[in-house]
Structure formats: structure tokens, C-alpha cells
Amino acid sequence: MTNTEFQSRLLNWYDQNKRSMPWRDCGDPYKIWLSEIMLQQTRVDQATPYFERFVDHYPSVNALAEADQQDVLKVWEGLGYYSRARNLHAAAQLVVDDFDGRVPDSWDDITKLKGVGPYTASAVLSIAFQKKYAVVDGNVIRVLSRYHGIDEDVRSTKTKNGIQEHADELISEERPGDFNQALMELGATICTPSNPDCGSCPLQDGCVAYKTARTEELPYKSKKKKRPHHQIGVGIVRNQKDQVLIALRPDDAMLGGLWEFPGGKQESGETFPDTVKRELHEELDITVSIIKPFMKLDHAYSHFKITLHAYLCELEEGKPEPRTSQEIRWIAIDELTEYPFPKANRRLTEKLMNLNKGQQELEI
DNA sequence: AAAACGGGGAG
DNA sequence: CTCCCAGTTTT
């Protein structure tokens, strides 16, 4: 199949079958940029409601640039990879300061923005500005590795570079943005990881994997390491004013800019109450007594898993003084909703708020 | 080149 | 349970 045939079959299929998305065909570089950041390692269905809410809060680059980071993170809460939100916020301020409030339309300028790597630069430049840059994401890797019968490990840089060259070679001159979106749309809806719908594929004729019945084994990926599992003890410390103690995670840490109940990893030979007391003493220079177990929950991150053991605590001695220059705050239970929390901690705040509403159990 | 970085859904 | 997702940054 010639490149021209590849393009026309793919684009015709796309014109007939593309899904509706709130940022699609809007022509607004800000919304297209925002959507591409949200879609990094995130499915369309998961990102869409966040996109709508984010645009309601911040309809323009200027609105985003003027916002407080805490408010931006609150809108982003639950979507994960929070450095995306922090970087996007900082990048919006750079766009206002250095680019007159307009999303850059050149490779050299747009890649100056935090959080904009080769994929996002290509996506925004092609979709918003009709420039001929080919995207390579997980979908394109899958479609082209099958189409060309590439059986090298697609996790390796060399293989990805080869796929980038194929994409550069194939991309449409006239409709580069639609071509990119079409290839990704095909990967998301037809050329899926398992059980691809080859009968509906416009590229079936030229597909090596289809012709050799290897769609199930391509793309080849080396195995990922299994994730360690940690036991975490955390303290929900209450004072006489019925407030609880929360701590802000530093910007350069995992979950940076979000709040949490203080705690840490269990050490060998420790009971969980021991862990909570030790961590709160080390991190905040306070002595607490354990009142009772509050909640136990499991949570999985991208590279490790935790079981979180939360205990209701009472401040015994000392005034909390964070040692690692992180901010701490005493807040009422019904204020918990105003702060951005990571998912595992949000499960704790939800139970706290429910119990508080019912006036039960929470009394010490 | 490899690891860090969230959360949700599918199989 | 594992794998994957419209990847980027840091080490």
C-alpha cells in the first residue's frame, strides 16, 4: 500500500468514525494543549469530565496563569500525575509572560513549556496549527508495529525511534492533525491491545501482523518489574477544637502540592501504633497517643503498592513543627473538602466527613 | 537506559 | 492479578 493510499483510507475511516470529544475540532490551541496534557497516560473517558471542569474554571491561558496552584491542583484532584498540573500552571504563566498569552506555534518555543515533550509538541503543532509533526504514542506504537510487523521490544528507545521514522514517513501533508488523531483513534477503537477488530480496519490490506496472524503477539513488550508492597502507618490527630492535622507534600515529591495525614513506612519489629508515633515524632516533633484504629485500605501506585493503616490520635505533647520545611495546618472536618488530597487519603477524609455528619463514633 | 510518576478500567 | 492508557522528567 502506498503512503497516499494509507492516508486516504485512514482519513476516510476517521471522517466516518471519529468519536466526539469536547476539544476536538474546536480550533482553540489552549484547549488542545490542555487536552493533550490530560491525555498523557490517561484514557479519553477518564480525562473528559476533568477537561470539562477544568475549562469551566480556567477558560483561557490567562485565567489559568492567574490562578493559585492549590486551586489548580484541587480541580486536578483524582486525575493523577500531579506534576502535569503543576507544570501546566507554570507553563501557562510562561505563555503569558514570554509569548503574549498565545500558545507557541513552533517546535523550539513550545518545547520550552514544562510538561511538553516530543509527543505533546507534535500533537499541538499538528492539531492546532496544521504543522507536519507526527505523533508517536501508545496507540501509534501498537498500530505501526503491527502494520509493519516490527517485533523488537517497543519499550526500547531504538524501536520507538524507528516507529517515529515510519510515522514521519506516513503522515499526511494536507491534514497532519487529522492524520495523527486518526492513527490514535484507530489504535484506541479498532487496533486494540487484545481482540483487535481487524475486520473493520481500513489498513487491513497492508498489515503484516494481520497477514501473518500475529496481531496477538505484536507489539512485543519486555516484562515490567513487579511492584513492592509497603505497609504505611498514618495518624489522624485531633485537638480540643475538633480539628485534624494535615501536612502539605513538597512540590518535588511524589504527590507534590497535595495534602495528607502524616505518617510513614512501618519498620521491622514495629506495631502500627509504634510506626505512627515514631513518624509523627520524627516529622512533626510531637508526641501522640493512639486512640483507636480508624481505617485500613489498599492502594496501588504506578511503581509500588501500599496498605495504609490509619489511627485516630490525640496530641499528647508538643506543638507540630514540620522538620522538612513542609507546611502543616489544623482544619475542621468540614474543611477537608477544600484541600487537594491524593486518592488514598481522600478515602480517609470521606469516612471522616461521613462520621462527622452523623455525629457518631468520632468522639474520643 | 532506566526509574519515577496516579488512577482507573479491561481481561 | 497484570496490563494499558493521546508521556515527561529525573537520575
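Those letters in the first sequence? Residues 0 to 363, by numbering that gives the first Met the number 0.
Cβ coordinates follow ideal geometry from the N, Cα and C atoms, glycine included.
- [ ] Would you be able to state if there are at least three C-beta pairs under 8 angstroms between the segment 249 to 260 and the segment 269 to 277?
- [x] At 8 angstroms Cβ cutoff, the stretches do not touch.
Open item on the list: For residue 22 and residue 53, which I take to be in contact (beta-carbon distance under 8 angstroms), what is that distance rounded to the nearest angstrom?
Closed with: That pair is no contact at about 11 angstroms.
Open item on the list: Whole angstroms are fine: how far does the CA of residue 241 sit from the CA of residue 335?
Closed with: Roughly 13 angstroms separates the two Cα atoms.
Task: Touch test, the segment 212 to 228 against the segment 142 to 160, Cβ-Cβ under 8 angstroms, three pairs minimum - done: When Cβ pairs closer than 8 angstroms are counted between the two stretches, the segment 212 to 228 is seen to touch the segment 142 to 160, the count reaching three or more.
TODO: Keeping to the same chain, check which residues put their C-beta closer than 8 angstroms to that of residue 90; ignore five residues upstream and five downstream.
DONE: Cβ within range, chain order: 112, 113, 114, 115.
Open item on the list: I need the DSSP call for residue 262, collapsed to helix, strand or coil.
Closed with: The three-state reading of DSSP puts residue 262 in strand, counting E and B together.
Task: C-alpha gap between residue 145 and residue 66, whole angstroms - done: Residue 145 and residue 66: Cα-Cα distance of roughly 44 angstroms.
Task: Cβ-based burial, residue 193 [other Cβ within 10 Å; buried from 16] - done: By the 10 Å Cβ count, residue 193 comes out exposed.
Task: Contact the segment 3 to 22 vs the segment 84 to 98: 3+ CB pairs below 8 angstroms - done: Touching, no, given that fewer than three Cβ pairs across the two stretches are closer than 8 angstroms.
Task: Alpha-carbon spacing of residue 259 relative to residue 278, whole angstroms - done: Those two C-alpha atoms are separated by around 14 angstroms.
Task: Meets three-Cβ-pair contact criterion under 8 angstroms: the segment 98 to 110 and the segment 70 to 86 - done: No, because fewer than three Cβ pairs between the segment 98 to 110 and the segment 70 to 86 fall closer than 8 angstroms, the two stretches do not touch.
Open item on the list: Which residue marks the beginning of the beta strand (DSSP E) containing residue 297, and which one marks its end?
Closed with: From DSSP, the beta strand (DSSP E) with residue 297 extends over 286 to 299.
Task: Cβ pair residue 139, residue 170 closer than 8 angstroms - done: No; because the gap between Cβ atoms is not below 8 angstroms, this pair is not in contact.
- [ ] Would you mind giving the Cβ-Cβ distance between residue 269 and residue 288, rounded to the nearest angstrom? I have them listed as a contact below 8 angstroms.
- [x] The distance from the Cβ of residue 269 to that of residue 288 is about 16 angstroms, inconsistent with a contact at the 8 angstroms cut-off.
- [ ] Grab me the residues of residue 341's own chain with a C-beta within less than 7 angstroms of its C-beta, minus the 5 sequence neighbours each way, in chain order.
- [x] Excluding sequence neighbours, residue 341 sits near 254, 257, 259.
Open item on the list: Assuming residue 306 is part of the alpha helix (DSSP H), what are its boundary residues?
Closed with: Taken as a continuous stretch (DSSP letters only), residue 306 belongs to no alpha helix (DSSP H), being part of the beta strand (DSSP E) at 304 to 316.
Task: C-beta contact flag for residue 135 and residue 32 at 8 angstroms - done: No, the Cβ-Cβ distance between residue 135 and residue 32 is not below 8 angstroms.
Open item on the list: Let me make sure I understand the geometry here. Which of 130, 228, 345, 45 has the alpha-carbon closest to that of residue 172?
Closed with: Selected option, being the one with the closest Cα: 130.
Open item on the list: Cutting at 8 angstroms between CB atoms, please list the residues of its own chain near residue 137, excluding the five before and the five after it.
Closed with: Closer than 8 angstroms at the Cβ level, and outside the excluded window around residue 137, lie 186.
Open item on the list: Classify residue 226: buried if its beta carbon has 16 or more other beta carbons within 10 angstroms, exposed otherwise.
Closed with: Residue 226 should be labelled exposed.
Open item on the list: In the DSSP output, what is residue 187 paired with across the bridge?
Closed with: Residue 187 pairs with nothing; no bridge assigned.
Open item on the list: Would residue 231 and residue 312 be called neighbours here (beta carbons separated by less than 8 angstroms)?
Closed with: No, Cβ-Cβ distance for residue 231 and residue 312 is not below 8 angstroms.
Open item on the list: Relative to the C-alpha of residue 62, which candidate in 42, 29, 38 has its C-alpha closest?
Closed with: Comparing C-alpha distances from residue 62 to each of 42, 29, 38 shows the shortest one belongs to 29.
Task: Extent of the continuous alpha helix (DSSP H) to which residue 32 belongs - done: Its alpha helix (DSSP H) spans residues 28 to 37.
Open item on the list: Using C-beta distances below 8 angstroms, list every residue in its chain close to residue 207, excluding the 5 sequence neighbours before and after it, in chain order.
Closed with: Taking C-beta separations shorter than 8 angstroms and ignoring five residues to either side along the sequence, the partners of residue 207 in its chain run 145, 146, 147, 148, 213, following chain order.
Task: Short Cβ contact (8 angstroms threshold) for residue 237 with residue 282 - done: With respect to residue 282, residue 237 sits apart: the two C-beta atoms are not nearer than 8 angstroms.
Task: Neighbourhood of residue 25 by C-beta distance below 8 angstroms, restricted to the same chain and skipping five residues each side - done: Once the five neighbours on either side are set aside, the close Cβ partners of residue 25 are 31.
- [ ] Could you tell me which residues DSSP puts in a beta bridge with residue 247?
- [x] Checking the DSSP bridge columns, you'll see residue 247 partnered with 258.
TODO: Please name the residue, chosen from 319, 300, 166, that lies closest to residue 5 on a Cα-to-Cα basis.
DONE: Here the closest residue by C-alpha is 166.
Task: Reference residue 304, options 318, 294, 343, closest by Cα - done: Minimum Cα-Cα distance from residue 304 among the listed residues 318, 294, 343 corresponds to 343.
Open item on the list: For residue 229, report the span of its alpha helix (DSSP H) as first-last.
Closed with: In the DSSP assignment, residue 229 falls outside any alpha helix (DSSP H) and lies within the beta strand (DSSP E) extending over 228 to 237.
TODO: Output yes or no for whether 8 angstroms exceeds the beta carbon distance between residue 78 and residue 41.
DONE: Yes, the Cβ-Cβ distance between residue 78 and residue 41 is below 8 angstroms.
- [ ] Take residue 87 as the anchor and find which of 37, 97, 3, 178 has the nearest alpha-carbon.
- [x] Closest by alpha carbon: 37.
Task: Whether residue 9 touches residue 124 by CB criterion (8 angstroms) - done: In terms of Cβ geometry, residue 9 and residue 124 do not form a close pair [threshold 8 angstroms].
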